[in-house]
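Engineer: When we follow full-length UniProt numbering, the leftmost residue of the sequence shown carries the number 1, and every step to the right adds one. Note that CB positions come from ideal geometry on N, CA and C, so glycine has one too. All values derive from a computational prediction rather than experimental measurement.
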Amino acid sequence: MVRITIDGQLAQVPAGTTIMEAAKAVNVKIPHLCYLKGINEISACRICCVEIEGERAMVAACSNPVKDGMVVYTNSPRARMTRRTNVELILSQHDCKCATCVRSGNCQLQEVANDLGILELPFETQLQKGLRSAWTKTFPLYRDVNKCIKCMRCIQICDKVQTLNIWDLAGTGSRTTVDVSGNRVIKDSDCALCGQCITHCPTGGLRERDDTAKARAALADKEKITVVQVAPAVRTAWGEYFGLKREEATMERMAGALHRLGFDYVYDTNFAADLTIMEEGNEFLHRLKSGALVRWPMFTSCCPGWVRFLKGQYPELTNQLSTAKSPQQMFGAVAKTWLAKKLDVAPEKICCVSIMPCVAKKAEADLPTMRGESGADVDIVLTTRELVRMMRADHLDPHFIEEEALNSPMGTHTGAGVIFGATGGVMEAALRTAAYVLTGENPNPDAFSEVRTGPGLREATYTVAGIPVRCAVVSGLGNARKLIERLKEGKVQYDFVEVMACPGGCVGGGGQPISAEDEELYGVRGERLYTLDAENPMRFAHENPEVQALYHEYLGEPLGETAHHLLHTDHKA
Ligand code: HC1
Ligand code: SF4
Numbered sequence: 001m002v003r004i005t006i007d008g009q010l011a012q013v014p015a016g017t018t019i020m021e022a023a024k025a026v027n028v029k030i031p032h033l034c035y036l037k038g039i040n041e042i043s044a045c046r047i048c049c050v051e052i053e054g055e056r057a058m059v060a061a062c063s064n065p066v067k068d069g070m071v072v073y074t075n076s077p078r079a080r081m082t083r084r085t086n087v088e089l090i091l092s093q094h095d096c097k098c099a100t101c102v103r104s105g106n107c108q109l110q111e112v113a114n115d116l117g118i119l120e121l122p123f124e125t126q127l128q129k130g131l132r133s134a135w136t137k138t139f140p141l142y143r144d145v146n147k148c149i150k151c152m153r154c155i156q157i158c159d160k161v162q163t164l165n166i167w168d169l170a171g172t173g174s175r176t177t178v179d180v181s182g183n184r185v186i187k188d189s190d191c192a193l194c195g196q197c198i199t200h201c202p203t204g205g206l207r208e209r210d211d212t213a214k215a216r217a218a219l220a221d222k223e224k225i226t227v228v229q230v231a232p233a234v235r236t237a238w239g240e241y242f243g244l245k246r247e248e249a250t251m252e253r254m255a256g257a258l259h260r261l262g263f264d265y266v267y268d269t270n271f272a273a274d275l276t277i278m279e280e281g282n283e284f285l286h287r288l289k290s291g292a293l294v295r296w297p298m299f300t301s302c303c304p305g306w307v308r309f310l311k312g313q314y315p316e317l318t319n320q321l322s323t324a325k326s327p328q329q330m331f332g333a334v335a336k337t338w339l340a341k342k343l344d345v346a347p348e349k350i351c352c353v354s355i356m357p358c359v360a361k362k363a364e365a366d367l368p369t370m371r372g373e374s375g376a377d378v379d380i381v382l383t384t385r386e387l388v389r390m391m392r393a394d395h396l397d398p399h400f401i402e403e404e405a406l407n408s409p410m411g412t413h414t415g416a417g418v419i420f421g422a423t424g425g426v427m428e429a430a431l432r433t434a435a436y437v438l439t440g441e442n443p444n445p446d447a448f449s450e451v452r453t454g455p456g457l458r459e460a461t462y463t464v465a466g467i468p469v470r471c472a473v474v475s476g477l478g479n480a481r482k483l484i485e486r487l488k489e490g491k492v493q494y495d496f497v498e499v500m501a502c503p504g505g506c507v508g509g510g511g512q513p514i515s516a517e518d519e520e521l522y523g524v525r526g527e528r529l530y531t532l533d534a535e536n537p538m539r540f541a542h543e544n545p546e547v548q549a550l551y552h553e554y555l556g557e558p559l560g561e562t563a564h565h566l567l568h569t570d571h572k573a
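Okay, structure coming up:
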């Protein structure tokens with residue numbers, strides 16, 4: 001152990017601990033912008049500089065380890081002055097129009113500048129011109145070159161965690177910036193649209209395409225019937241920016257807020273997750289029994305970030321994807337057919353809006369394959385952050401919004417549907433129903449819980465009705481790449497593989513609220529979904545009475561002709 005003094009406090013930490021982490025251990029917060037533990041420890045921003053007794057040079061706390069007997073001052077006049085100058089230099093190349101910035105109030109640069117009392121800039125502001133600052137504005141991910149502070153977080157998260165290398169440094173000298181790597185434009189890159197670069201950006205340099213105006217127009221259009229669905233993971237996080245406790249940020253309270261925003265009908269993507277299990281679970285059993293999974297497994301297809309990754313990086317494996325559309329798309333397809341009939345309205349009048357924790361869902365909804373006779377299955381996709389912005393614009397404080405029931409049908413779900421939002425949930429939900437289909441009896445709903453939660457790879461083999469089923473679950477595209485390489489080398493064999501692009505699954509999605517503390521919140525959010533599953537009296541997708549009614553009244557059998565037409569795709573677009 002190493003003994004050090006930080007701002008007068010004694011600390012004992014293991015050798016090799018950085019000054020930043022040692023300070024955290026004694027509750028001293030050292031401001032930083034570029035630092036991300038284990039991912040970006042490169043002292044690019046120099047905001048974390050501290051003074052060390054006896055040393056002339058200031059030292060970056062994020063990348064320097066403690067030494068025995070070290071005396072550290074994180075807030076001495078010299079430390080503060082150095083930090084202030086470094087922030088002022090960053091601001092001199094930053095578009096400081098905070099009033100029109102999406103991250104205002106949740107921006108780490110703004111916070112550090114405010115905390116230092118920087119009220120005027122001593123340096124002339126020089127914004128980038130001439131570089132490729134123009135952006136494809138229709139692309140679901142948007143970058144503002146003049147909000148970028150070159151902290152490199154996006155580069156590192158994309159390289160080290162997602163292994164896609166979309167971002168790179170470009171330009172030289174004072175014109176150095178971050179841009180799409182290899183001189184590509186974003187729409188021609190392999191970007192999976194997981195949005196992890198957005199949630200790890202400390203400023204407004206990256207954001208999702210804003211579709212709130214489109215949603216407002218639909219809400220204002222008296223001819224439109226607005227139908228909104230809410231994804232499983234959104235309910236774990238939408239209250240975070242409002243300081244609402246997780247247990248109070250219920251789906252029913254959100255339904256109250258959505259009705260106040262003007263949506264005519266509020267439904268649940270979880271209903272469609274149950275429906276997806278009926279289709280995907282049966283498809284899996286069909287493929288397994290037909291011997292189609294001897295060499296390659298069936299991959300889940302509900303995460304569009306993963307689907308984009310697979311089609312871009314391993315196009316030869318596209319056929320291994322389940323043909324089931326994602327719950328988002330199944331919801332839209334059913335809303336514009338069965339639901340339209342039940343509501344007795346023309347499907348063209350329905351505007352189907354989704355609230356998703358995801359940026360890639362915007363691209364999924366735009367695909368030419370995700371359309372039916374009445375147009376797009378889903379018309380508008382809003383992220384959790386966009387929903388929060390709409391609520392704020394309408395001065396809706398959820399603390400004072402009453403809970404309201406969801407609409408029916410398509411508002412009922414089982415515990416199996418809700419766990420889709422956490423890594424391992426789709427697999428677990430599918431196995432529950434596959435076991436029922438094979439044996440005619442419900443298994444213990446927690447029988448497949450080994451595949452739950454955790455950012456890395458989990459594998460398990462279950463024997464269902466005498467049939468061994470080899471399963472694997474991964475989240476994070478770097479983990480997915482490792483798994484595919486091992487499959488290719490023949491080192492592992494599986495029958496069924498669930499992949500989610502974002503670490504931890506959708507709870508850690510790129511459209512979720514951004515933590516002011518650089519914390520990864522997918523663990524706590526995922527636990528919330530498993531609690532909701534355990535509390536639900538129905539734990540099996542096939543028990544959802546509204547899904548049963550949908551098959552009875554409209555679809556016929558899982559994988560039947562109507563279901564195939566409406567709910568499946570070949571992933572060719
Ligand atoms: Fe997801 Fe899914 S779980 S993909 O993560 O299968 O976005 O939450 O809605 O479609 O249900 C996202 C979440 C979501 C779909 C479902
Ligand atoms: Fe979107 Fe979820 Fe996939 Fe992330 S894991 S890309 S949030 S669907």
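Taking only the alpha-carbon atoms, compute the straight-line gap between Ser133 and Arg209 and give it to the nearest angstrom.
Structural biologist: As a first step, residue 133 must be located in the sequence shown, where it is residue number 133. As a first step, residue 209 must be located in the sequence shown, where it is residue number 209. At Ser133, the pLDDT of 48 sits below 50, so the modelled position is not reliable and the matter cannot be decided from this model.
Engineer: Who does Pro65 pair with in a DSSP beta bridge?
Structural biologist: On the sequence shown, position 65 is the one that residue 65 refers to. In the DSSP output, where bridge partners are listed per residue, Pro65 has Thr18.
Engineer: Are the beta-carbon atoms belonging to Gln156 and Ile39 less than 9 Å from one another?
Structural biologist: Looking up residue 156 in the sequence shown gives position 156. Looking up residue 39 in the sequence shown gives position 39. Cβ atoms of Gln156 and Ile39: closer than 9 Å.
Engineer: Taking the alpha-carbon positions, what's the Arg46 to Leu193 distance?
Structural biologist: As a working note, residue 46 is residue 46 in the sequence shown. As a working note, residue 193 is residue 193 in the sequence shown. Approximately 30 Å, taken between the alpha carbons.
Engineer: If we count the other Cβ atoms within 10 Å of its Cβ and call it buried at 16 or more, is Asp533 buried or exposed?
Structural biologist: Counted from its first residue, the sequence shown places residue 533 at position 533. Per the 10 Å Cβ criterion, buried.
Engineer: Between which residues of its own chain and Thr412 is the CB-CB distance below 7 Å, once the five residues before and five after are set aside?
Structural biologist: Your numbering for residue 412 matches position 412 in the sequence shown. Answer for Thr412: Phe271, Asn544, Pro545 and Glu546, listed in chain order.
Engineer: Who are the Cβ neighbours of Gln329 in its own chain at under 6 Å, not counting the five residues just before and after it?
Structural biologist: Here residue 329 refers to the residue found at position 329 of the sequence shown. These residues qualify, in order along the chain: Met370 and Asp377.
Engineer: Only counting the same chain, and skipping five residues up and downstream in sequence, which positions put a Cβ closer than 7 Å to that of Val26?
Structural biologist: On the sequence shown, residue 26 is found 26 positions in, with the first residue counted as 1. Cβ within range, chain order: Ile6, Gln9 and Ala11.
Engineer: Contact defined as beta carbons within less than 8 Å: I believe Pro304 pairs with Lys361. What is the distance between those atoms, to the nearest angstrom?
Structural biologist: As a first step, residue 304 must be located in the sequence shown, where it is residue number 304. As a first step, residue 361 must be located in the sequence shown, where it is residue number 361. At roughly 6 Å, the Cβ-Cβ gap stays under 8 Å, so Pro304 and Lys361 are in contact.
Engineer: For the beta strand (DSSP E) containing Gln313, name the first residue and the last one.
Structural biologist: Translated into positions along the sequence shown, residue 313 becomes position 313. Element bounds for Gln313: not the beta strand (DSSP E) but the alpha helix (DSSP H), Pro304 to Gln313.
Engineer: Between the Cα of His94 and those of Leu566, Arg78, Asp188 and Lys147, spot the shortest distance and give me the residue it belongs to.
Structural biologist: Counted from its first residue, the sequence shown places residue 94 at position 94. Taking only the C-alpha atoms, the option nearest His94 is Lys147.
Engineer: Between Gly425 and chain B, is any beta-carbon pair separated by less than 9 Å?
Structural biologist: The chain labelled as chain B is not found in the depicted structure, where only one protein chain is given.
Engineer: With the cut-off set at 9 Å, would you say Pro443 and Arg432 are in Cβ contact?
Structural biologist: Position 443 of the sequence shown, counted from the start, is the residue given in the question as residue 443. Position 432 of the sequence shown, counted from the start, is the residue given in the question as residue 432. Yes, Cβ-Cβ distance for Pro443 and Arg432 is below 9 Å.
Engineer: Helix, strand or coil for Ile140, going by three-state DSSP, please let me know.
Structural biologist: Position 140 of the sequence shown, counting from 1, holds the residue named residue 140. For the sequence presented, residue 140 should be read as Pro rather than Ile. In the structure shown, Pro140 sits in coil (DSSP, three-state: anything other than H, G, I, E or B).
Engineer: Cutting at 6 Å between CB atoms, please list the residues of its own chain near Val71, excluding the five before and the five after it.
Structural biologist: Here the question's residue 71 lines up with position 71 in the sequence shown. Here the set comprises Thr5 and Glu53.
Engineer: Measuring only the C-alpha atoms, how far is Gly117 from Cys151?
Structural biologist: Counting from one through the sequence shown, the residue named residue 117 turns up at place 117. Counting from one through the sequence shown, the residue named residue 151 turns up at place 151. Whole-angstrom Cα-Cα distance: 22 Å.
Engineer: Please name the residue, chosen from Cys101, Ile90 and Ala113, that lies closest to Gln126 on a Cα-to-Cα basis.
Structural biologist: Your numbering for residue 126 matches position 126 in the sequence shown. Checked all of Cys101, Ile90 and Ala113; the closest Cα to Gln126 is Ile90.
Engineer: Mapping the DSSP letters down to three states, classify Gly195 as helix, strand or coil.
Structural biologist: Position 195 of the sequence shown, counted from the first residue, corresponds to residue 195. Residue state, collapsed to three classes: coil.
Engineer: Between Gln93 and ligand 1, is the CB less than 8 Å from at least one heavy atom?
Structural biologist: For the purposes of this step, residue 93 is identified with residue 93 of the sequence shown, where counting begins at 1. Checking the Cβ of Gln93 against ligand 1 gives no.
Engineer: What span of residues does the beta strand (DSSP E) with Val228 cover, start to end?
Structural biologist: Reading the sequence shown from its first residue, position 228 is the one you call residue 228. Segment Ile225 to Val230, the beta strand (DSSP E) holding Val228.
Engineer: Would you mind stating whether Cys62 and Cys34 have Cβ atoms separated by less than 9 Å?
Structural biologist: Locating residue 62 in the sequence shown gives position 62, where the first residue counts as 1. Locating residue 34 in the sequence shown gives position 34, where the first residue counts as 1. Yes, the Cβ-Cβ distance between Cys62 and Cys34 is below 9 Å.
Engineer: Could you give the distance in angstroms between the alpha-carbon of Glu485 and the alpha-carbon of Ser290?
Structural biologist: Mapped onto the sequence shown, residue 485 falls at position 485. Mapped onto the sequence shown, residue 290 falls at position 290. Between Glu485 and Ser290, the C-alpha separation is close to 25 Å.
Engineer: Say whether the segment 227 to 234 touches the segment 415 to 424, bearing in mind that this needs 3 or more beta-carbon pairs closer than 8 Å, one atom from each stretch.
Structural biologist: The segment 227 to 234 vs the segment 415 to 424: in contact.
Engineer: Ligand 2 heavy atoms versus the CB of Cys191: any closer than 8 Å?
Structural biologist: The sequence position of residue 191 within the sequence shown is 191, counting from 1. It does not: the Cβ of Cys191 is nowhere closer than 8 Å to a heavy atom of ligand 2.
Engineer: Going by the DSSP bridge assignment, what does Val353 pair with across the sheet?
Structural biologist: Taking the first residue of the sequence shown as 1, we reach residue 353 at position 353. Val228 and Ile380, per the DSSP bridge assignment.
Engineer: Cβ of Gly505 within 8 Å of any heavy atom in ligand 2?
Structural biologist: The sequence position of residue 505 within the sequence shown is 505, counting from 1. Checking every heavy atom of ligand 2 against the Cβ of Gly505, one is found closer than 8 Å.
Engineer: Report the option in Ser301, Cys351, Ala273 and Gly204 whose CA atom is closest to the CA atom of Tyr265.
Structural biologist: Within the sequence shown, residue 265 is the residue found at index 265, counting from 1. Minimum Cα distance to Tyr265 is reached at Cys351.
Engineer: Three-state secondary structure (DSSP) at Gln93?
Structural biologist: Residue mapping note: residue 93 aligns to position 93 of the sequence shown, counting from 1. Note: Gln93 maps to coil in three-state DSSP.
Engineer: Cutting at 8 Å between CB atoms, please list the residues of its own chain near Arg78, excluding the five before and the five after it.
Structural biologist: The count along the sequence shown starts at 1 and reaches residue 78 at position 78. Here the set comprises Glu51 and Met58.
Engineer: What does the alpha-carbon distance come out to for the pair Pro503 and Cys158?
Structural biologist: Locating residue 503 in the sequence shown gives position 503, counting from the first residue. Locating residue 158 in the sequence shown gives position 158, counting from the first residue. About 12 Å.
Engineer: If distances are taken between C-alpha atoms only, which option among Val464, Gly440, Pro468 and Val492 comes closest to Arg458?
Structural biologist: Counted from its first residue, the sequence shown places residue 458 at position 458. If we check each option's Cα against that of Arg458, Val492 comes out closest.
Engineer: Of the choices Asp190, Thr439 and Leu258, whose alpha-carbon is the least far from that of His395?
Structural biologist: Residue mapping note: residue 395 aligns to position 395 of the sequence shown, counting from 1. Of Asp190, Thr439 and Leu258, the residue nearest in Cα terms is Leu258.
Engineer: Can you check whether the CB of Ile467 is closer than 9 Å to the CB of Leu288?
Structural biologist: For the purposes of this step, residue 288 is identified with residue 288 of the sequence shown, where counting begins at 1. For the purposes of this step, residue 467 is identified with residue 467 of the sequence shown, where counting begins at 1. In this structure, Ile467 lies closer than 9 Å to Leu288 by Cβ.
Engineer: Please find out if some non-hydrogen atom of ligand 2 comes closer than 8 Å to the beta-carbon of Lys325.
Structural biologist: For the purposes of this step, residue 325 is identified with residue 325 of the sequence shown, where counting begins at 1. Result no, Cβ not under 8 Å from ligand 2.
Engineer: How about Gly440 and Leu529: do their beta carbons lie closer than 9 Å?
Structural biologist: Your numbering for residue 440 matches position 440 in the sequence shown. Your numbering for residue 529 matches position 529 in the sequence shown. The answer is no: Cβ separation not under 9 Å.
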